[in-house]
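Participant: For reference, the structure I am asking about is given below.
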Amino acid sequence: MSSALADLCLCFSDVVVLPGVSVTGGDLTVVEGHDVTLPCKMTEQEKRLTQISWRRKTRGMPGNPFFFAIAEENSPKFVDGPDPRISFIGNFAERDGTLQISNVSLNDEGSYTCIFSLFPSGIYSTEIPLRVEVFCGEEIPCPDGGLELFLSLVLSVGMSCHGPSDEPLNC
């Protein structure tokens, strides 16, 4: 291998190794009615952060619209009107774009994308899939000696649960 080609390969491998930019998130599962935290942090500390924004593609919002943004010099804001269930609990200066959704519903299930805009290097993002579980039954206390009665009621009535996609749920 020629010296120039070896230098080119070495230079290229250095470029691939150097960036070290990553945005962390993760897959999440939450029970309907509970709160969930959507974690989003960036490791890059050298470039200027100009904005953190969020997109979502959910049952309630089937497109992939931007819904929340935090800019360098502005306070956090909703793009298409506020949602009182969503709170920014991160810290812009610490490159933390974490959101919290309270009282999660099935309409919140889907994919959330956290996007960091850095100057001059560009955009970095991570996708956070959110799965919402629904419990379709209530715990029923058994009356005195009631295990036999309870079982006979369940067996005679029968039960099945289906989610929004018409797939059976584990109940």
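Numbered by mature numbering (1 follows the signal peptide of the UniProt record, and there is no 0), the letters in the sequence shown go through residues -19 to -1, 1 to 152 in order.
Positions of the beta carbon are idealized from the N, C-alpha and C atoms, including for glycine.
Taking C-beta to C-beta, are isoleucine 96 and leucine 80 nearer than 8 Å?
Facilitator: No; because the gap between Cβ atoms is not below 8 Å, this pair is not in contact.
Participant: Should aspartate 8 go down as buried or exposed, given a rule of 16 or more other Cβ atoms within 10 Å for buried?
Facilitator: Exposed is the call here.
Participant: Only counting the same chain, and skipping five residues up and downstream in sequence, which positions put a Cβ closer than 7 Å to that of phenylalanine 100?
Facilitator: Cβ within range, chain order: Lys28, Arg29 and Thr31.
Participant: Give me, in chain order, the residues of the same chain whose beta-carbon lies closer than 7 Å to that of leucine 87; leave out the 5 immediate sequence neighbours on both sides.
Facilitator: These residues qualify, in order along the chain: Glu13, Arg40, Val113, Val115 and Pro145.
Participant: Could you tell me the distance, in whole angstroms, from the CA atom of serine 34 to the CA atom of histidine 15?
Facilitator: Taking the straight line joining both Cα atoms gives about 24 Å.
Participant: Find out if the Cβ-Cβ distance for the pair threonine 94, arginine 36 is shorter than 8 Å.
Facilitator: Their beta carbons are under 8 Å apart, which means threonine 94 touches arginine 36 by this criterion.
Participant: Reducing DSSP to helix, strand and coil, say where phenylalanine 73 ends up.
Facilitator: Looking at phenylalanine 73 - three-state DSSP - the assignment turns out to be helix.
Participant: Would you please state the rounded distance, in angstroms, between the beta carbons of aspartate 61 and proline 46? I believe it to be under 8 Å.
Facilitator: Contact holds; Cβ gap of about 7 Å.
Participant: Rounded to whole angstroms, how far is the Cβ of leucine 19 from the Cβ of isoleucine 104, which I believe are closer than 8 Å?
Facilitator: Not confirmed; about 18 Å, so no contact.
Participant: Measure the C-alpha to C-alpha separation of methionine 23 and leucine 111 and round it to an integer number of angstroms.
Facilitator: Those two C-alpha atoms are separated by around 20 Å.
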